[in-house]
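*Asks:* Residue numbers (our numbering), protein chains in the order written: chain A, 946 to 1060; chain B, 202 to 315. Below is a structure I'd like to ask you about.
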Amino acid sequence: AQSVTQLGSHVSVSEGALVLLRCNYSSSVPPYLFWYVQYPNQGLQLLLKYTTGATLVKGINGFEAEFKKSETSFHLTKPSAHMSDAAEYFCAVSPFSGGYNKLIFGAGTRLAVHP
Amino acid sequence: DGGITQSPKYLFRKEGQNVTLSCEQNLNHDAMYWYRQDPGQGLRLIYYSQIVNDFQKGDIAEGYSVSREKKESFPLTVTSAQKNPTAFYLCASTPGPTMNTEAFFGQGTRLTVV
């Protein structure tokens, strides 16, 4: 079965520090990969996605992620954290085996940013 | 503005009751989805519909039912058979039948059993 693992349910960084949120997936065929952000009591908003092409993907709000097939990873980074980045972040995959007709989510990582 | 509207935002259910969560979209999207969110578990797929009058079970469909009589509407009924319904429910849609594009999410309905 397909799965998505997000290392660290909580990550805390200082304002201005590097943000690194880790995501690994299990799939023999590379799936489509996504990062979504959720603010309290809100829906999810797409940050970025990888389907094909360049493995370094840039998204909104200064975030980017790199697809590494050999490591089955899709880690999310941002060079300098802002207070407004505090939210919960979800890595998700749309697997080939499902005909790309569903999203499988990781458990989420809650990011805290302190002054 | 185009988007997905979920209502109500908060819902309370007594034991043994059925309740229906509303999801409406004006994006002209073909596919719609229902997810359940529990703390520390991410989102899990309940049902999805790729076309009007057709829907498929997701990973946790037991105790839930849906209908898709109109393209813009995909209501979810939480039945009394769902033993632990307290959760945050999210509706989503995509332009086509696959999730290789951005999924648009509603603001969610928080259901609590009292």
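For each residue, glycine too, the CB sits at the ideal point set by N, CA and C.
For LEU1048(A) and chain B, any beta-carbon pair shorter than 8 Å?
*Replies:* On the first sequence, position 103 is the one that residue 1048(A) refers to. Yes - at least one Cβ of chain B is within 8 Å of the one on LEU1048(A).
*Asks:* Any beta carbon from chain A within less than 8 Å of LEU291(B)'s own beta carbon?
*Replies:* Here the question's residue 291(B) lines up with position 90 in the second sequence. Taking Cβ atoms only, chain A reaches closer than 8 Å to LEU291(B), which makes this a yes.
*Asks:* Report buried or exposed for HIS955(A), applying the criterion of at least 16 other Cβ atoms within 10 angstroms of its Cβ.
*Replies:* By 1-based counting over the first sequence, the position of residue 955(A) is 10. That one is exposed.
*Asks:* How far does the beta strand (DSSP E) with ILE247(B) in it reach, from first residue to last?
*Replies:* For the purposes of this step, residue 247(B) is identified with residue 46 of the second sequence, where counting begins at 1. 244-252 is the span of the beta strand (DSSP E), which, as asked, contains ILE247(B).
*Asks:* Can at least three beta-carbon pairs, one atom from the stretch 259-268 of chain B and one from the stretch 202-217 of chain B, be found at a separation below 8 Å?
*Replies:* The answer is no - the stretch 202-217 of chain B does not touch the stretch 259-268 of chain B, with fewer than three Cβ pairs under 8 Å.
*Asks:* Check whether the Cβ of VAL974(A) sits closer than 7 Å to any heavy atom of the ligand MG, and report yes or no.
*Replies:* Looking at this structure, you won't find the ligand MG or any other ligand, since it has none at all.
*Asks:* Exposed or buried, which one is LEU1001(A) when buried takes at least 16 other CB atoms within 10 Å?
*Replies:* Working through the first sequence from its first residue, we reach residue 1001(A) at position 56. Exposed.
*Asks:* Below 7 Å on C-beta distance, what does ASN151(B) contact in chain A?
*Replies:* Residue 151(B) lies beyond the range of chain B shown here (202 to 315); nothing can be said about it.
*Asks:* Between which two residues does the beta strand (DSSP E) holding LEU966(A) run?
*Replies:* Position 21 of the first sequence, counted from the first residue, corresponds to residue 966(A). Note, LEU966(A): beta strand (DSSP E), 964-971.
*Asks:* What are the residues that DSSP puts in a beta bridge with ALA1057(A)?
*Replies:* Counting from one through the first sequence, the residue named residue 1057(A) turns up at place 112. ALA1057(A) pairs with SER957(A).
*Asks:* On a CA-only basis, which of ALA1031(A), GLY1053(A) and ALA1052(A) is nearest ALA1065(A)? Give me that one, please.
*Replies:* Nothing about residue 1065(A) can be read from this structure; chain A reaches only from 946 to 1060.
*Asks:* With 8 Å set as the bound, which would you pick, yes or no: does the beta-carbon of GLN251(B) sit closer than that to a beta-carbon of chain A?
*Replies:* By one-based count along the second sequence, residue 251(B) stands at place 50. With 8 Å as the cut-off, GLN251(B) counts as an interface residue toward chain A.
*Asks:* Note down the Cα distance separating ALA282(B) from ARG1055(A), rounded to an integer number of angstroms.
*Replies:* Here residue 282(B) refers to the residue found at position 81 when the second sequence is read from its first residue. Here residue 1055(A) refers to the residue found at position 110 when the first sequence is read from its first residue. About 32 Å.
*Asks:* Just confirm the distance between the C-beta atoms of ARG967(A) and GLY988(A), as a whole number of angstroms; I'd bet it's less than 8 Å.
*Replies:* Stepping through the first sequence from its first residue, residue 967(A) is reached at position 22. Stepping through the first sequence from its first residue, residue 988(A) is reached at position 43. Contact doesn't hold; Cβ gap of about 24 Å is too wide.
*Asks:* In three-state DSSP terms, what is SER1015(A)?
*Replies:* Position 70 of the first sequence, counted from the first residue, corresponds to residue 1015(A). SER1015(A): helix per DSSP, three-state reduction.
*Asks:* For ALA1010(A) versus THR997(A), is the C-beta distance shorter than 8 Å?
*Replies:* Working through the first sequence from its first residue, we reach residue 1010(A) at position 65. Working through the first sequence from its first residue, we reach residue 997(A) at position 52. Cβ distance not < 8 Å, so ALA1010(A) and THR997(A) don't count as in contact.
*Asks:* Can you give the Cα-Cα distance for VAL1038(A) and TYR236(B), rounded to whole angstroms?
*Replies:* Residue 1038(A) sits at position 93 when you count from the first residue of the first sequence. Residue 236(B) sits at position 35 when you count from the first residue of the second sequence. The alpha-carbon atoms of VAL1038(A) and TYR236(B) are separated by roughly 15 Å.
*Asks:* Check the Cβ of PRO296(B) against every Cβ in chain A and list those closer than 9 Å, keeping chain order.
*Replies:* Sequence index remark: in the second sequence, residue 296(B) carries index 95 (1-based). In chain order: nothing, as chain A lies at least about 13 Å away.
*Asks:* Taking CB distances under 8 Å as the criterion, tell me whether GLY203(B) reaches chain A.
*Replies:* In the second sequence, counting from the first residue as 1, residue 203(B) sits at position 2. For GLY203(B), the answer is no, since every Cβ of chain A falls outside 8 Å of its Cβ.
*Asks:* Closest by CA to PRO975(A), which one among GLU1016(A), GLY1053(A), GLY1004(A) and PRO985(A)?
*Replies:* By 1-based counting over the first sequence, the position of residue 975(A) is 30. The shortest Cα separation from PRO975(A) among GLU1016(A), GLY1053(A), GLY1004(A) and PRO985(A) belongs to GLU1016(A).
*Asks:* Just the chain A side, please: which residues come within less than 9 Å of LEU277(B) by C-beta, in chain order?
*Replies:* Here residue 277(B) is taken as the residue at index 76 of the second sequence, counted from 1. Correct list: empty, because the minimum Cβ distance to chain A is about 15 Å.
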